[in-house]
Amino acid sequence: MRLIQQPSRCLATFPWAKFRRKKGGAKAHVLYDIVAQVPVFHTVTTASKHDSVAMFTIACDPNAYYVFDRVCDSFKELYKIHLTSSFYVVRAKTNLKYKVVRWKRRIPKNILTGAEVKLTGYLSEKKYPDSFRLIRFYDAEDEREFTSLANAKHISTIDVADLYKKRWLVELFFKWLKQHLIDRQNSST
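Under numbering that gives the first Met the number 0, think of the first position of the sequence shown as 0, with each following residue one higher.
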């Protein structure tokens, strides 16, 4: 999900997308099929709407994998995905409150932590009462650490890390989308 914002043009084109007094902004929420490399669902909201609002509108398919950035860290919605027998991988927020239920032994190279955890915050625990996986991994290409949460307990920790890295395909799609939308908008003025 990305913010597409060109202040004066956005309000002229989308008067409903008022973001601030003199600014407009639209946010595209896209469910992207990484195998087919096409969007399968999309909605556009004002820039002021939180990304979790769009999560309410996604119909989850059983046995499908949903990969989100940390802005989509809505435990109520993640639990909804879990209850539909679907799987998610989401980047964890840095202030996540949890307790370790079980540590993963024998972890592969570049995996720093593998554990099954439960939320400890009062509201978070109510929204997501089951345990899930927490995987910290080092991405050698970007030379960065990432912490992901996943409910897919049947796949390896390295598979969870790879799924999160595939989210980059979505970022490339948004880059392409912005370039083509802004280029067309600039050429039409």
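Don't be surprised by glycine CBs; every beta carbon is placed ideally from N, CA and C. These figures come from a predicted structure and were not determined experimentally.
- [ ] Under the assumption that Y127 contacts F74 (Cβ atoms under 8 Å), give the Cβ distance between them as a whole number of angstroms.
- [x] 4 Å
Open item on the list: For K21, count the other beta carbons within 10 Å of its own beta carbon; 16 or more makes it buried, fewer makes it exposed. Which is it?
Closed with: exposed
Open item on the list: So, with DSSP's three-state summary, where would you put A118?
Closed with: The sequence shown places Leu at residue 118, rather than the Ala named in the question. The answer is strand: DSSP assigns L118 an E or B state.
- [ ] Below 8 Å CB to CB, which residues in the same chain sit around I80 once its five sequence neighbours on both sides are set aside?
- [x] C59, Y65, F86, Y87 and N150
- [ ] Using only alpha-carbon positions, find the residue among P107, N94, G113 and A35 that is nearest to V100.
- [x] G113
- [ ] Closer than 7 Å by C-beta to Y222: which residues in its own chain qualify, once you throw out the five before and the five after it? Chain order, please.
- [x] Any question about residue 222 goes unanswered here, given that the chain covers just 0 to 188.
Task: Delimiting residues of the alpha helix (DSSP H) encompassing K75 - done: F74 to L82
Task: Burial state of R104, where buried means 16 or more other Cβ atoms lie within 10 Å - done: exposed
Task: S147 classed as buried or exposed, judged by whether at least 16 other C-beta atoms fall within 10 angstroms - done: buried
Open item on the list: Could you check whether I106 and F136 sit closer than 7 Å to each other, using their CB atoms as the reference points?
Closed with: no
TODO: Would you identify the three-state DSSP class for V100, choosing helix, strand or coil?
DONE: strand
Open item on the list: Could you tell me which whole alpha helix (DSSP H) segments of length 4 or greater appear in the region 25 to 60?
Closed with: 50 to 54
Task: Local conformation of T93 per DSSP, three classes - done: coil
Open item on the list: Using the three-state DSSP reduction, which class does F67 fall into: helix, strand or coil?
Closed with: strand
Task: 7 Å Cβ cutoff met for A16 and T45 - done: yes
TODO: Taking the CB atoms as reference points, tell me whether Y97 and L82 lie closer together than 7 Å.
DONE: no
- [ ] Give the DSSP-derived three-state secondary structure of D141 in the structure shown.
- [x] coil
Open item on the list: Could you check whether F172 and Y31 sit closer than 7 Å to each other, using their CB atoms as the reference points?
Closed with: yes
Task: Those residues which DSSP pairs with T156 across a bridge - done: T156 pairs with nothing; no bridge assigned.
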